[in-house]
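Enquirer: Attaching a single structure in structure tokens format; questions to follow.
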Amino acid sequence: MDNITFYPQGDQAITVMFGHEINEELHSKVMGLTQLLQHEPFLGMVEVVPSFHTVTIYYNPTMISPKTPSLSPYDEVVNIMKSKLKNSQKSIFRSERLKTIPICYGGEFGPDLKLVAEYNQLTEEEVIHLHLKQSYVVYMIGFIPGFPYLGGMTEQIATPRKATPRLKVPAGSVGIGGEQTGVYPIESPGGWQLIGRTPIKLFQYEKKTPSLLKAGDIVRFKQITVEQFENWDGV
Amino acid sequence: MSLKVLDQGLITTVQDLGRIGYQQYGIPRSGVMDELAAKIANLLIGNNENDAVIEMTVIGPTLQFQADVMIAICGADLSAAIDNKKLPLWRPLFIKRGSILRFGRPIKGCRAYLAIAGGIDVPHIMNSRSTYIRGGFGGYQGRILQRNDILRNSPLTKSSKLLLSYFIQNDLPCPFATGNWTVSTRLTSYFEYNSEIRFLKGPHYEQLNEESKLSITSIEFIISTHSDRMGYRLNGPKLKFVKPLQLLSEPVPFGTIQVPDDGQLIILMADRQTIGGYPKVGYIATVDLPKLAQMMPGRKMTLKELSIEEAQQQLIEVKRNYLELKNGIQLAIRRVSKYESN
Chain A
15 MDNITFYPQG DQAITVMFGH EINEELHSKV MGLTQLLQHE PFLGMVEVVP SFHTVTIYYN
75 PTMISPKTPS LSPYDEVVNI MKSKLKNSQK SIFRSERLKT IPICYGGEFG PDLKLVAEYN
135 QLTEEEVIHL HLKQSYVVYM IGFIPGFPYL GGMTEQIATP RKATPRLKVP AGSVGIGGEQ
195 TGVYPIESPG GWQLIGRTPI KLFQYEKKTP SLLKAGDIVR FKQITVEQFE NWDGV
Chain B
390 MSLKVLDQGL ITTVQDLGRI GYQQYGIPRS GVMDELAAKI ANLLIGNNEN DAVIEMTVIG
450 PTLQFQADVM IAICGADLSA AIDNKKLPLW RPLFIKRGSI LRFGRPIKGC RAYLAIAGGI
510 DVPHIMNSRS TYIRGGFGGY QGRILQRNDI LRNSPLTKSS KLLLSYFIQN DLPCPFATGN
570 WTVSTRLTSY FEYNSEIRFL KGPHYEQLNE ESKLSITSIE FIISTHSDRM GYRLNGPKLK
630 FVKPLQLLSE PVPFGTIQVP DDGQLIILMA DRQTIGGYPK VGYIATVDLP KLAQMMPGRK
690 MTLKELSIEE AQQQLIEVKR NYLELKNGIQ LAIRRVSKYE SN
């Protein structure tokens, strides 16, 4: 259990921290614990939220019964986490979910594609090719409903965020922000460089599972034409 | 039963105890800002504690009831009245059909909760009736209430029906009548004028410079007018760290105290984003969140440290008092039904 630390986030949450970096190995530990807790919740557990490097567990302290009376509910939850970790680290988490997201690059859907190409001294085709050839890991969903933080983008197309963010980024926009890439599920202000757009909906609040993606998914992109974009109908 | 909005008030929304289980998808918990007042309002009229209520902020709405109804108003005193007669808070009330409920000057606190028997009936979005204003979903059409909106209630529980029929049978003359029972001050005394809010230390507290550590627990912060359901901003001296911190974003609970680049504290509230990357110097003790939610912008407040053991012990104590109240109300309702069958 090297390098794993616990800290309370107030009196109703505990964070298990696996390190301070963004990398897939660390993240697979995050996902291992997340998945175990979701399948085997403990009494008093409310919800589990993974991030790049931590798992935060929200719990109800009035529903925790410490085995030793002198322990606080927090201390008891730490003990529960330690024993869950023993089990979760026995096997390596592998994502079973692969999602393919169609993107129409450039033109009116990708107003910043030219800027990204020029910044990195590449042609627009080369930028698209480099964006397409990777497979990406979803590290977490946050910032706005359904927004995926994707890992694995090549630094060859990394481009700084806009100094002045746009007031409105259209839903489905695919962007590059520094070394990261992501998709805006709903219209929102945003400072990322927009290189394309997807016709599929990453967030639908009426659905039982409202977000198309979740932490641990593997994502690939696929290029589509403007005509395919316009005729897209959940195909 | 339906009620019609004649005037929308300041920020009036339908909320329940929040959207649980979806923060992993980036969806905020939302829900009531003062959980204690909302739950008690529901209990008083025989509702389930998670039934949807109307959260009213500073200036309440004007509402007309289209049928006889049981309601309760808990939390802030926003001068609730019918026909210029002031309504008591923290009690079950029987309101006659056609009555118009108006609010006036805020006297104490800033958020009041109106519960109606059966709970407000709006669709469940992700298992909750709470409104997420920014996202435009949940509650009443995903927005604050407006003039001419019509809200309905869900079917009443058995307890609510018993209470309602007791009042109807007694044919009371006023536009409203009230039950005898009131809530113990042990539960409602968080409204005291003392402006101290307790907090637990956060992971980045120790990285503050000495002057900032001293400031946090000694100065009076002013709650900025730029405070809302997403967060409270506090005006005070600029807080600084010994050296700048580079942090990865991670989940943030209700009550997280962050220090952004301008050194002015932000306390994250019900509609906060699910993750944050600013340094976290503390967390408001959950037991004091209702008190904080009742503090009006412009008000001064101080922060006092609390250990996690004490904070959790206080939560256990509040739960005990709350369960006592719940049992007391159930007993009172049973007594009322015995009276009725005689």
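In the order they appear, the protein sequences are chains A and B.
If you count the first sequence from 1, position 10 lands on 24 in the working numbering, and the numbers rise without skipping.
If you count the second sequence from 1, position 45 lands on 434 in the working numbering, and the numbers rise without skipping.
Just so it is clear, CB atoms sit at the ideal spot from N, CA and C, and this is done for glycine as well.
Would you call the stretch 443 to 455 of chain B and the stretch 193 to 210 of chain A in contact, with 3 or more CB pairs under 8 Å?
Expert: no
Enquirer: Using a Cβ-Cβ distance cut-off of 8 Å, determine whether A:Gly24 contacts chain B.
Expert: yes
Enquirer: Rounded to the nearest angstrom, what separates A:Gln135 and A:Thr48 at their Cα positions?
Expert: 41 Å
Enquirer: Starting from A:Asn134 and walking both ways along the alpha helix (DSSP H), at which residues does that stretch end?
Expert: Unbroken run through A:Asn134: none, as it is neither H nor E.
Enquirer: Alpha carbons only, please: which of B:Leu433, B:Ile462, B:Leu503, B:Leu636 is nearest the one belonging to A:Ser65?
Expert: Comparing Cα positions, the closest option is B:Leu636.
Enquirer: Per DSSP, which residues does B:Ser391 bridge with? Please list them.
Expert: B:Arg541
Enquirer: Does the Cβ of A:Gln242 have 16 or more other Cβ atoms within 10 Å, making it buried, or fewer, making it exposed?
Expert: exposed
Enquirer: Given this structure, state the Cα-to-Cα distance separating B:Ser726 from B:Gln719, to the nearest angstrom.
Expert: 11 Å
Enquirer: Run down chain A in chain order and give the residues with a C-beta less than 7 Å from the C-beta of B:Phe526.
Expert: Tyr219
Enquirer: Ordered along the chain, which non-local residues of its own chain (more than five positions away) have a Cβ less than 6 Å from that of B:Ser696?
Expert: For B:Ser696, where only same-chain residues beyond five positions count, there are no Cβ hits under 6 Å.
Enquirer: Roughly how many whole angstroms lie between the Cα atoms of B:Leu654 and B:Arg622?
Expert: One C-alpha to the other measures close to 6 Å.
Enquirer: Hey, would you say B:Leu552 sits closer than 8 Å to B:Tyr711, going by beta carbons?
Expert: no
Enquirer: Which one of B:Lys632, B:Met684, B:His615 has the shortest CA to CA distance from B:Glu599?
Expert: B:Lys632
Enquirer: Residues of chain A with CB under 8 Å from B:Pro679, in chain order?
Expert: Simply none; closest approach about 14 Å.
Enquirer: Please name the residues in the stretch 653 to 671 of chain B whose beta-carbon is closer than 7 Å to at least one beta-carbon of chain D, in chain order.
Expert: This model lacks chain D altogether; the protein chains it does include are A and B.
Enquirer: Listed from N- to C-terminal order along the chain, which residues in the stretch 112 to 129 of chain A have their beta-carbon within a distance smaller than 8 Å of any beta-carbon of chain B?
Expert: none
Enquirer: 8 Å is my cut-off, CB to CB: does B:Pro640 come that close to chain A?
Expert: Yes, B:Pro640 lies at the interface with chain A (some Cβ there is under 8 Å from its Cβ).
Enquirer: Going by alpha carbons, who is nearest to A:Tyr133 out of A:Met95, A:Ile78, A:Ile190?
Expert: A:Ile190
Enquirer: So, for B:Asn624: in the same chain, excluding its five sequence neighbours on each side, which residues have a beta-carbon less than 6 Å away from its beta-carbon?
Expert: Ile611, Ser613
Enquirer: Tell me whether A:Leu181 is buried or exposed, calling it buried when 16 or more other Cβ atoms sit within 10 Å of its Cβ.
Expert: exposed
Enquirer: Check the DSSP bridge columns for B:Asn624 and list the partner residues they point to.
Expert: B:Ile611
Enquirer: Where DSSP assigns a beta bridge to B:Glu639, which residues make up the other side?
Expert: B:Gly665
Enquirer: Check the Cβ-Cβ distances between A:Ile209 and every residue of chain B, and say whether any is below 8 Å.
Expert: no
Enquirer: Near A:Pro80, what residues of its chain come up, given a Cβ to Cβ distance below 6 Å and the 5 sequence neighbours on each side ignored?
Expert: Glu90
Enquirer: Taking the DSSP output, what are the residues bridged to B:Lys590?
Expert: In the DSSP output, where bridge partners are listed per residue, B:Lys590 has B:Gly671.
Enquirer: Please report the straight-line C-alpha distance between A:Pro162 and A:Tyr72, rounded to a whole angstrom.
Expert: 21 Å
Enquirer: Starting from B:Ala430 and walking both ways along the alpha helix (DSSP H), at which residues does that stretch end?
Expert: 424 to 433
Enquirer: Between B:Thr675 and the rest of its own chain, which residues show a CB-CB distance below 8 Å, the 5 nearest in sequence each way excluded?
Expert: Excluding residues up to 5 positions away in sequence, Phe643, Gly644, Ala700, Leu704 lie with their Cβ nearer than 8 Å to the Cβ of B:Thr675 in the same chain.
Enquirer: Taking 8 Å as the threshold, find out whether the stretch 539 to 555 of chain B comes into contact with the stretch 429 to 443 of chain B through three or more Cβ pairs.
Expert: yes
Enquirer: Give a yes or no on whether the C-beta atoms belonging to B:Gln662 and A:Val63 are separated by under 8 Å.
Expert: no
Enquirer: Just to make sure I have the definition right: I need the residues of chain B whose C-beta is within less than 8 Å of the C-beta of A:Val62. Which are they?
Expert: Gln413
Enquirer: In terms of residues, what are the limits of the beta strand (DSSP E) holding B:Thr481?
Expert: Residue 481 of chain B is actually Pro in this sequence, not Thr. Unbroken beta strand (DSSP E) run through B:Pro481: 481 to 484.
Enquirer: DSSP three-state call for B:Val458: helix, strand or coil?
Expert: strand
Enquirer: I'd like to check one pair, B:Gly531 with B:Asp440: are the Cβ atoms closer than 8 Å?
Expert: no
Enquirer: Give me the subset of the stretch 686 to 704 of chain B whose CB atoms are less than 7 Å from a CB atom of chain A, sorted by chain position.
Expert: Ile697, Glu698, Ala700, Gln701, Leu704
Enquirer: Note down, in chain order, each residue of its chain lying with its Cβ closer than 8 Å to the Cβ of B:Gly687, except the 5 sequence neighbours on either side.
Expert: Ile611, Ile612, Thr614
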